[in-house]
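J.: The numbering of the sequence shown is my numbering, which starts it at 2 and goes up by one.
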Amino acid sequence: MSDLEAPLRPKRKKVWVDYFVQFRWILVIFVVLPISFTLYFLTYLGDVKSEMKSYKQRQKEHDENVKKVVKRLKERNPSKDGLVCTARKPWIAVGMRNVDYKRARHFEVDLSSFRNILEIDRERMVARVEPLVNMGQISRASVPMNLSLAVVAELDDLTVGGLINGYGIEGSSHIYGLFSDTVVAYEIVLADGQVVRATKDNEYSDLFYAIPWSQGTLGLLVSAEIKLIPVKEYMRLTYKPVVGNLKELAQAYIDSFAPRDGDQDNPSKVPDFVETMIYNSTDGVMMTGRYASKEEAKKKGNVINNVGWWFKPWFYQHAQTALKKGEFVEYIPTREYYHRHTRCLYWEGKLILPFADQWWFRFLLGWMMPPKVSLLKATQGEAIRNYYHEMHVIQDMLVPLYKVGDALEWVDREMEVYPIWLCPHRLFKLPVKTMVYPEPGFEHQHRQGDTSYAQMYTDVGVYYSPGPVLRGEVFEGADAVRRMEDWLIENHGFQPQYAVSELNEKKFWRMFDADLYEHARKKYGAVGTFMSVYYKSKKGRKTEKEVQEAEQAHLETAYAEAG
């Protein structure tokens, strides 16, 4: 099904949007890239300025900003003002779904000042940061100290707040879990203006477990304390090519990090980092990494690859060379490894700028890459946005590890999107049932990758134009996403809600568990103040009437239960 020459569906007639998308690179090169580079540089200067401030000064500014948020919340008149949301413009979010909930009347709270690293505590091995701190900022501050967040999402622009309230993963998640699993404490401003610190073992433990995946609908996150780990200067990365059918590629991927004897907690058997890229239905490259010292990396005969340089080949294409030259090992500076997919936005950069991976472009203009996702969204109108929703796929399918082969076959059959990104993560068995949770009884199955306290899942990352679209054939993107969501529900999988979702409310709460979330909504006064997570994730324009009716239904339920 990967043969782009054999039509599988009727041909699709081109419309004006097709030509606009085809030549969008002109706008990107002459407008988006220069502005993106300028914004990146100004952000960097702001980060440097923040780092020059003392801890006391940063903490003082933080406390003052929290007071402003509390004051703003208390100014809201529930009977006249809309539901609370942040003042951030919809197009600034990195996620691809329509942020249509802000089109309804709403009460804005400005959190734009919360972008400082408040403290890196070596003794507690915790970084205390504000929600708009991004991954590039925190890795730039911590890696020179031989410290890092346990989970560093690959793209520089991803923020702490988004990764906590939404979803975040990295090649170390097979050890540490998702980004939210590495959080030690949340500082939250509740609906009534009360500021609380939630941890897993204090009086707000229910709120602590309810925050992940809640999309900011339980309160306003103003800081988080996140686990740090010691790291070394380099990543020793092994590239191993595998050829076979999709089930065989899936098993090779599982074997790359999950010992068949079940010894999943043995550091000598389990690498520090794992990722796999499936390039087509028969070829994949498995990558495993281990931290290495500067002394080891610089030993005679070892190859050092500074993948972060602007003129270097894009990482996914560099990894693909293993299919021709065979297994090889190289050393990559740790921070450059963390952000290896930033410059090309995984492989989305190839669609945005079809020639940007060529050597001449990388040398001449590669230093301006990548275009900011927020600016790409800001420069697309409604018609183009809808075009991408139908003709383009950006989805993550979180599935149990033992079902990865089935997921790959489903994607190949229904979407034909390649490359596919595979990244494992633990889904922990927690004291309470959260929105996402492992399969009941998984600990008794003793499957490869699982332990008694966590089930191993995998993110099947599907990002690109589907094969039918590349062949000029008819493709119904919304229908394909609905089928994907149904498949996930049937297979105890989950869909991160940064992506375009076609779920109705009934199916949404079949995929996710509502009990703890709804308990926290009612207990901490979020009902009637913040939009529910389903309604915030729902595709399409939200009218004020729809918002009010949905929230009134929740309020009536809450009052009935209280009575």
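The C-beta atom is built at its ideal place from N, Cα and C for all residues, glycine as well.
Predicted model, so just to flag it, every value in this text is computed and none were measured.
Pairs of beta-carbons, one from the region 136 to 151 and one from the region 237 to 249, closer than 8 Å: are there three or more?
T.: no
J.: Please go through the same chain and pick out, in chain order, the residues whose beta-carbon is closer than 8 Å to the beta-carbon of Asn307, but skip the five residues on each side of it.
T.: Lys313, Ile333, Pro334 and Glu337
J.: Count the other C-beta atoms from every protein chain shown that fall within 10 angstroms of the C-beta of Phe531, then say buried if there are 16 or more, exposed otherwise.
T.: buried
J.: Report the partner residues of Asp256 according to the DSSP bridge assignment.
T.: Beta-bridge pairing links Asp256 to no other residue.
J.: Residues in its own chain within less than 7 Å of Gln1 by CB, not counting five upstream and five downstream?
T.: Outside the shown range of the chain (2 to 564) lies residue 1, about which nothing can therefore be said.
J.: Let me know the secondary structure DSSP gives Lys228 once reduced to three states.
T.: When DSSP states are grouped into helix, strand and coil, Lys228 belongs to the strand group.
J.: Buried or exposed: where does His107 fall if 16 or more other Cβ atoms within 10 Å of its Cβ makes it buried?
T.: buried
J.: Measuring CB atoms only, is the region 251 to 268 touching the region 447 to 462, in the sense that at least three cross pairs come out at less than 8 Å?
T.: yes
J.: Which residue or residues does DSSP assign as beta-bridge partners of Pro242?
T.: Val286
J.: Suppose contacts are defined by Cβ-Cβ distances below 8 Å. Is Gly478 in contact with Val394 by that definition?
T.: yes
J.: In or out: Leu399 buried (at least 16 other Cβ within 10 Å) or exposed?
T.: buried
J.: Tell me where the beta strand (DSSP E) around Gly462 begins and ends.
T.: Ala455 to Tyr465
J.: How big is the Cα-Cα spacing for Ala455 and Trp17?
T.: So the alpha carbons of these two residues sit roughly 50 Å apart.
J.: Please name the residue, chosen from Ser174, Glu171, Pro213 and Gly367, that lies closest to Ile572 on a Cα-to-Cα basis.
T.: Residue coverage of the chain in this structure runs from 2 to 564, which leaves residue 572 outside it and unanswerable.
J.: Identify, in the order they occur along the chain, each residue of the same chain with its Cβ nearer than 6 Å to the Cβ of Trp368, setting aside the five sequence neighbours on each side.
T.: Trp311
J.: Among Leu221, Gly178 and Ile176, which residue has its Cα nearest to the Cα of Val196?
T.: Cα-wise, what sits closest to Val196 is Leu221.
J.: Could you tell me whether the region 344 to 358 touches the region 371 to 383, where touching means 3 or more Cβ pairs closer than 8 Å?
T.: yes
J.: Can the beta-carbon of Ala154 be found less than 8 Å from the beta-carbon of Ile170?
T.: yes
J.: Where DSSP assigns a beta bridge to Lys12, which residues make up the other side?
T.: Glu474
J.: Relative to the C-alpha of His319, which candidate in Tyr292, Gln359 and Phe180 has its C-alpha closest?
T.: Residue Gln359 is the option with its Cα nearest to His319.
J.: For the alpha helix (DSSP H) containing Thr335, name the first residue and the last one.
T.: Thr335 to Tyr339
J.: Kindly provide the ranges of any beta strand (DSSP E) runs that are 3 or more residues long and lie completely inside the region 405 to 455, ordered along the chain.
T.: 421 to 429
J.: With Pro260 and Val271 assumed to form a contact (beta carbons below 8 Å), what rounded beta-carbon distance in angstroms separates them?
T.: Yes, Pro260 and Val271 are in contact; Cβ-Cβ is about 7 Å, under 8 Å.
J.: Taking a contact to mean a Cβ-Cβ separation below 8 Å, would you say Leu517 touches Ala211 in this structure?
T.: yes
J.: Could you check what DSSP says for Met370 in three-state terms: helix, strand or coil?
T.: Coil.
J.: Hey, quick one: how far does the alpha helix (DSSP H) through His175 stretch, first residue to last?
T.: Ser174 to Tyr177
J.: When we look at the beta-carbon of Val49 and count the other beta-carbons within 10 Å, is it buried (16 or more) or exposed?
T.: exposed
J.: Just list the beta strand (DSSP E) runs in the region 117 to 190, keeping only unbroken ones of 3 residues or longer that don't cross its boundaries, in chain order.
T.: 118 to 122, 127 to 130, 148 to 150 and 184 to 190
J.: Tell me, which residues are paired with Ala357 by DSSP?
T.: Looking at the DSSP assignment, Ala357 forms no beta bridge with any residue, so it has no partner.
J.: Go ahead and label Pro432 buried or exposed: buried means 16 or more other beta carbons lie within 10 angstroms of its beta carbon, across all protein chains shown.
T.: That one is exposed.
J.: What did DSSP end up calling Glu276 once you bin it into helix, strand or coil?
T.: strand
J.: Counting beta carbon pairs with one atom in the region 194 to 208 and one in the region 155 to 164, are three or more of them shorter than 8 Å?
T.: no
J.: What's the gap between the Cα of Asp122 and the Cα of Glu226?
T.: 10 Å
J.: On the DSSP bridge list, what partners appear for Glu331?
T.: Leu238
J.: Tell me the DSSP secondary structure of Phe21 in three-state form.
T.: helix
J.: CA-CA distance, Lys15 and Glu474?
T.: 10 Å
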